[in-house]
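Let me begin by presenting the structure, written as C-alpha cells, before commenting on it.
Protein chains in written order, with the working numbering: chain A, -15 to 681; chain B, 12 to 212.
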C-alpha cells in the first residue's frame, strides 16, 4: 500500500472523506459489471484511502441519484465524490453541479467511466468487474489529490465573426444582426451568396434559388449591424472565448467602395475576357474587372490583378476612363484589419469533388460529360447559355441525357461517405432537362436516398415525368462505339443490378453528380481556428447528435457544410442554431472557463526557458527582471505540455497535476486482471544504480 | 449487439501446450493507456457508444493532451506493475492544441530508448494515433497491443522488498537521499532545484 506516500500533497486541513457511487445505468452497466460487488469492494478495500461510503444505484444521473450525493455530503460530511458511471464528457457537469449544490467545490467530484470504457466494450463479466474496480480505485486515488478550483470568469464581447457568406453564414449573420448585435461577415470571394447563388432551382419545391437567396444577401449587405467584408480572408485568430482578436486581410479591390455606384460600366468597357472558373464553373467568361454575377452583394466589382492588362502591361485603364465617379484606384493596397469578437461561426462550406479523378467517366476528355455544378450554370437562366441546356458546342440540344449518381461518394477509392444531396440534386436535374428539352433521361443510381420533407414525393414525380432509373454504378463512360447506333454518342457501360446484366446506354450528354468534399484548405482553417477536423477534413462537432453546431473549442461554432454534406434547409437551420448558441453566450455577458491551467511556482523556476518555446498560444513569457518564466492564465489553454517539460517541476497544471496522475496510475494498478490484488513488479533501482556506477567509473 | 471488430481470440484456446505439461491459467496482461481528452479519449467513448468490443486488459487515463505525458508517468506505470503502456494522441497535424502531439512524439522517441536501455522490450511501450472519430481503429489497436503483450508475457523484473523505492516520483527520490520529507530546505538565491538526477546519486 503506497497511497499514504510521500508525494501526496494532501490538503492539510482535516481528514479526507470520500463518497463512492456506482451507477447501474439500468442494465447498461449492471448487465456486465457486478455493480453491487464493486461498491462493496470499494467500501471495504478503499477504506484506507478515505472511502466513507460506497453505494450503488440504478440511475445516478436521475434526481434521486443526485440527491444521494447531496444528502451524503451533508449527513456524512463527505469532502470528495467519485461517481463510477458514464463518460465524463456526458455527465461530469451533472454530478459536479450536484456536488456544488451541497456546498462542496465541484472540482472535488470526479466521474470515472465504467460504461463507455468497460461495460459497453467488454463481454467477460469477471474481467469487466475487475476492471471497474481498478478504474474506481484510480478515481479514488486521484480525487485525494484534487484541489478546489474556481472557474476563470471572462467577459463576452457581444460582436461575432461569421466566416463564409454562403446561405449558412448569411442565415447566422441575419439572426445575430436582427437580435441587435454586431456581426462581421467575412467572405473570400468578391460577393456573398456561396454555392446557392450558382443554382437555378432548389429541390424539391423548385423555388428559384436566386429569388429566395438574393433578398437575404441584400439584407446581410445593408443591415446596420453587419459589417460585410468580401474579398477578405481571416489570417490569424488569437485569444479565447469571449475575447478573440482576429486579423483579417481585406484584399485590394482597386475599386473604392465608398464611391462605386455599382453601375457596371467598367465591366462593359474592360477589354480583357477571362474564363470564369469559380462562379460559372469554367463554362462562361467574365471580365478582368468583375462582379461574379448580376445580383452580387456588394455591387462593387474587383479587379483581378493577374489578368488585368494595366497591371500586366502598364497601359489600358479603360475602366478608370469610363468610371463616372472616379472609383477606380489602381494604387489601393491590401488592408489588414484587427477585429475584436466574442464568438466565431465558421460557415466555409464545401468544394465539389474533382470528377477528373475518376478517369473512367471521361470528364475533361469527353466534351459532353458535365459536372453537376456545370449543369447548374447551364440550366440557369442567368448562366452562360441563358438557361438553354445544350451540348459543349453551345447549340445542339441533347436528345438523351444520363445522370450518374455517387460520383466520388460512397466509393472506397475516393470518399466513403454519402454526400447527402446528390440523389435529390440528380432528380432536380432530371426535371430541368425534362423542362428544357425533349431528351430521354436516364438516372444511374446505387440507392435512391430521398429522406426529407417532400423529397420522396419529388422522386415519384420525376418517375411519372418519364425518367428511366437504372440501378447500378456505371463502370465506364466512353465514345468508343460497338454498334452503328452508338456512333457519335457517349456510351455508359453499366451492370444493371436489378436484372443482373451488363447494359450499354448511348447518350448525347452525361451529368456527373459529383459529391461534396471539405474545402481544400479545411485543415489549415481548422488549425487557424483551433478546432479539430476528421481525417476527411470535415470539422468535428462537439457532439454529432446533441451539439451539432458547437465545436470542442469554446466560442467557435460551425454551420452548414463545413462539418459535412448538407442540403439548404439543414444549412439554414444550422446557421440559425449557431447564432442562437452565440446569443446565449452574449446574453450571459460573462462566461466561466474551465480552470484547467498551468502556472509557474516562481521559487522553483530555474529560468532555463525550456518551456518558453513550447506554447502554441504564446501564453508563456520570460520575466527578465525576476529571471523566471510566467504563464498568462487567460491565454493558457491547459494542454499541459509545459508542465511535462519542466525539468524542475516548477510548472503545475491544475486538474491534471503530477500528483493526481501518478496517484491515478497507482490506483488503476491496484487490481490485477483477474480482480485479485495486483502483482507489483519492482523497478530495478539497485541494478539501475549499479549500471550508472559502471558508466561513471 | 453487433461488432465489426475482430476481438482478440479467446486466450490460450488455441495455444498448444507442451504435451504432458499442465496448462496454467493464461497470462492476462494489465496495460495502462494514456489518452488525449480531445481525440483518443473520445475515440474510446465512441467505441463504447458503438459497442465495439476490445479486450479488457487496458485501463485508460485521461490527459488534456498527449503533450502532457510526463515520461515519469510511464515509468511509474511500469513500476506499479503494468505489463505495457499505450500512449495515444491526435494524428500529427490534427492536435487540438495545434502541435503539442509532435512534442509528445519527440519525448516518446527518447523515452522508448530509455525503456529499452532499462531492459524493457520495445513492444511494451507503444504509440498510437487515433482521432475522435476512430473508435474502431482505437479498439483494433488496443486488441493488437494486448495480443502482442500477451505473447511477450509478464514484465519480469526481480521481486524484492522495495520499501521506500517503489515510487519513482521525484519527491520520493529526493527523500531517498535523506532529504526532509517536507521538501528541500530553502535554497540560496539563484540555486536551481535539480531534484531529479542529482537527488538519485
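Built from N, CA and C at the ideal position, the CB exists for glycine as well.
Just so we're clear, the structure is a prediction, and the values are computed from it rather than from any experiment.
Handout entry: chain A contact for residue 60 of chain B (CB, 8 Å cutoff)
Key = Against chain A, the CB of residue 60 of chain B has a partner CB under 8 Å away; the residue lies at that interface.
Handout entry: C-beta neighbour in chain A for residue 139 of chain B, strict 8 Å
Key = By the rule that beta-carbons nearer than 8 Å mark a contact, residue 139 of chain B does not touch chain A.
Practice task
Compute the beta-carbon to beta-carbon distance between residue 99 of chain B and residue 139 of chain B, rounded to the nearest angstrom, for a pair I have assumed lies under 8 Å.
Solution key: 5 Å between Cβ atoms; contact.
Handout entry: Under 8 Å between C-beta atoms of residue 268 of chain A and residue 178 of chain A
Key = Their beta carbons are not under 8 Å apart, which means residue 268 of chain A does not touch residue 178 of chain A by this criterion.
Handout entry: Sheet register partners of residue 604 of chain A (DSSP bridge)
Key = DSSP lists A:615 as partners of residue 604 of chain A.
Problem - CB contact below 8 Å: residue 363 of chain A versus chain B - result: At a cut-off of 8 Å between C-beta atoms, residue 363 of chain A does not count as an interface residue with respect to chain B.
Problem - Minimum Cβ-Cβ distance from residue 600 of chain A to chain B less than 8 Å - result: Yes, its Cβ sits closer than 8 Å to a Cβ of chain B.
Exercise for the section: Determine, using beta carbons only, whether residue 640 of chain A comes closer than 8 Å to chain B. Expected result: Cβ-Cβ to chain B under 8 Å: yes for residue 640 of chain A.
Handout entry: Interface residues of chain B facing residue 650 of chain A [CB-CB closer than 8 Å]
Key = One finds 87, 91 in chain B with Cβ atoms closer than 8 Å to the Cβ of residue 650 of chain A, taken in chain order.
Problem - Residues near residue 570 of chain A in its chain [Cβ-Cβ closer than 7 Å; skip 5 each side] - result: Excluding residues within five positions, the ones whose Cβ falls inside 7 Å are 140, 142, 165, 326.
Problem - Min CB distance residue 0 of chain A to chain B below 8 Å - result: Output row for residue 0 of chain A: interface = no.
Handout entry: Chain-ordered neighbours of residue 63 of chain B on chain A, where CB pairs are closer than 8 Å
Key = Those within 8 Å of residue 63 of chain B in chain A are 105.
Handout entry: Cross-chain neighbours of residue 68 of chain B in chain A, by beta carbon under 7 Å
Key = Those are 657, listed as they occur along chain A.
Problem - Inter-residue CB distance, residue 426 of chain A and residue 454 of chain A (contact presumed, cutoff 8 Å) - result: Yes, they are in contact, since the Cβ atoms of residue 426 of chain A and residue 454 of chain A sit about 6 Å apart, within 8 Å.
Exercise for the section: Mind listing the chain B neighbours of residue 403 of chain A? Cutoff is C-beta to C-beta under 9 Å, in chain order. Expected result: Result: empty, since nearest Cβ-Cβ is about 17 Å, beyond 9 Å.
Handout entry: Residue span of the alpha helix (DSSP H) that contains residue 372 of chain A, given as start and end
Key = Taken as a continuous stretch (DSSP letters only), residue 372 of chain A belongs to no alpha helix (DSSP H), as it is neither H nor E.
Practice task
Have a look at A:492, A:517, A:477 and flag the residue whose alpha-carbon is nearest the alpha-carbon of residue 103 of chain B.
Solution key: Residue A:517 is the option with its Cα nearest to residue 103 of chain B.
Handout entry: residue 28 of chain B classed as buried or exposed, judged by whether at least 16 other C-beta atoms fall within 10 angstroms
Key = Unreliable placement is indicated for residue 28 of chain B, whose pLDDT of 41 sits below 50; no coordinate value is reported for it.
Exercise for the section: Taking only the alpha-carbon atoms, compute the straight-line gap between residue 78 of chain A and residue 578 of chain A and give it to the nearest angstrom. Expected result: For residue 78 of chain A and residue 578 of chain A, the gap between their C-alpha atoms comes out near 15 Å.
Practice task
Check whether the Cβ atoms of residue 86 of chain A and residue 137 of chain A sit closer than 8 Å, and answer yes or no.
Solution key: No, Cβ-Cβ distance for residue 86 of chain A and residue 137 of chain A is not below 8 Å.
Practice task
Quick one: which residues of the segment 105 to 137 of chain B get their C-beta closer than 9 Å to a C-beta of chain A? List them in chain order.
Solution key: Correct list: 105, 106, 107, 108, 109, 110, 111, 114, 115, 118, 128, 129, 130.
Practice task
Check whether the Cβ of residue 606 of chain A lies closer than 8 Å to any Cβ atom in chain B.
Solution key: Not a single CB atom of chain B sits nearer than 8 Å to the CB of residue 606 of chain A.
Problem - With 16 other Cβ atoms within 10 Å as the buried cut-off, status of residue 186 of chain A - result: Counting the other Cβ atoms within 10 Å of the Cβ of residue 186 of chain A gives 16 or more, which makes it buried.
Handout entry: Residues, ordered as in the chain, of the segment 27 to 53 of chain A that lie near chain B by beta-carbon distance below 7 Å
Key = Contact annotation: in the segment 27 to 53 of chain A, no residue has its CB less than 7 Å from a CB in chain B.
Handout entry: Start-end ranges of the alpha helix (DSSP H) lying completely within the segment 635 to 668 of chain A, minimum 4 residues
Key = Listed in chain order, the alpha helix (DSSP H) runs fully inside the segment 635 to 668 of chain A are 642 to 652, counting runs of at least 4 residues.
Exercise for the section: Would you mind listing the alpha helix (DSSP H) stretches within the segment 281 to 360 of chain A that are 4+ residues and don't spill past its ends, in chain order? Expected result: Segments of the alpha helix (DSSP H) lying fully in the segment 281 to 360 of chain A: 293 to 297, 302 to 306.
Practice task
Please decide whether residue 15 of chain A counts as near chain B, where near means a Cβ-Cβ distance under 8 Å.
Solution key: No, no contact with chain B.
Handout entry: Cβ of residue 142 of chain B within 8 Å of any chain A Cβ
Key = Look at residue 142 of chain B: its C-beta is under 8 Å from a C-beta on chain A.
Problem - Spatial distance of residue 258 of chain A from residue 288 of chain A (CA atoms) - result: Answer to the nearest angstrom: the Cα atoms are 9 Å apart.
Handout entry: Beta-bridge partners of residue 479 of chain A, as assigned by DSSP
Key = Residue 479 of chain A is bridged to A:486.
Practice task
Apply the 10 Å Cβ neighbour rule to residue 47 of chain A and answer buried if 16 or more other Cβ atoms are within range, or exposed otherwise.
Solution key: Sixteen is the threshold: since fewer than 16 other Cβ atoms of the shown chains lie within 10 Å of the Cβ of residue 47 of chain A, the residue is exposed.
Exercise for the section: Under 8 Å by Cβ, that's how I've got residue 549 of chain A and residue 356 of chain A pegged, so tell me the actual separation to the nearest angstrom. Expected result: Incorrect: roughly 13 Å between the Cβ atoms, too far for contact.
Exercise for the section: State the start and end residues of the unbroken beta strand (DSSP E) segment that holds residue 97 of chain A. Expected result: That run of the beta strand (DSSP E) goes 93 to 97.
Exercise for the section: Ignore the nearest five residues each way along the sequence and tell me which others in residue 376 of chain A's own chain have a CB closer than 7 Å to its CB. Expected result: Excluding residues within five positions, the ones whose Cβ falls inside 7 Å are 351, 352.
Handout entry: Where residue 430 of chain A sits in the DSSP three-state scheme
Key = Of the three classes helix, strand and coil, the one that applies to residue 430 of chain A here is coil, per DSSP.
Practice task
Work out the CA separation of residue 114 of chain A and residue 653 of chain A for me, nearest whole Å.
Solution key: Each residue's Cα considered, the two are about 11 Å apart.
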